[in-house]
Amino acid sequence: MDRSKAIAKLESLGKEVRNAGYAPETKTIYVLHDIDEEAKEKALMNHSKRLAIAFGLINTSPPGTTFRVMKNFRICGGCHNFMKILSSIEDRNTREYLIVRDNKRFHHFRVVTCSCRDYW
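Residues 1 to 120 (full-length UniProt numbering) make up the sequence shown, in order.
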C-alpha cells in the first residue's frame with residue numbers, strides 16, 4: 001500500500017465529511033504561522049491520525065471490521081470532530097466502528113458520538 005492511495009482516500013473522505021457538515025477548525029491552529037486558510041486546511045487534513053484512518057479504511061475487510069489507530073500524542077479537536085462525522089458516513093455495522101488511542105484515553109467513535117463525550 002503506498003501513501004498516494006491513502007492520500008487519495010483521505011481527500012475523498014474530506015469531501016464527504018465536509019458535505020456532512022464538518023468545518024475545519026483553522027482558527028485555533030497555527031497561531032504563530034502566517035499562512036492562508038487554504039494552507040491551514042491542507043495541513044490539518046494531513047494529520048497522521050487521518051492518514052492512518054484512510055489507510056485503515058482501504059485495508060480493512062470486510063467493511064464491518066472495527067479497526068484501531070494508536071498514537072502517542074493527543075488527538076486535536078479538528079481530528080476528533082472529523083472522526084465523529086466520519087463515523088456516521090462510513091457504513092460500518094459494528095458495535096464500535098473506530099477506536100483511536102491517544103496518550104490520554106481510548107476514543108470509541110460510533111454514529112457521530114465519542115465515548116469521551118467530547119472531553120479530551
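Each residue gets a CB set at the ideal place from its N, CA and C atoms; glycine is no exception.
Since we're looking at a predicted model, the values are computed, not measured.
Judged by beta-carbon spacing, E25 lies within the 8 Å limit of G77, meaning their Cβ atoms are closer than that value.
In the three-state DSSP reduction, V17 falls in the helix class (H, G or I). Nearest C-alpha to F67 among R18, G14, E37 and H107: H107. Shortest Cα-Cα distance from Y97 to any of D34, Y119, R105 and T113 involves T113.
A Cβ-Cβ distance of about 6 Å is found for the pair V111 and S87, placing them in contact under the 8 Å criterion. Remark: C-beta atoms of L10 and L51 approach each other more closely than 8 Å. Secondary structure note for I89: its alpha helix (DSSP H) is the uninterrupted segment G77 to I89.
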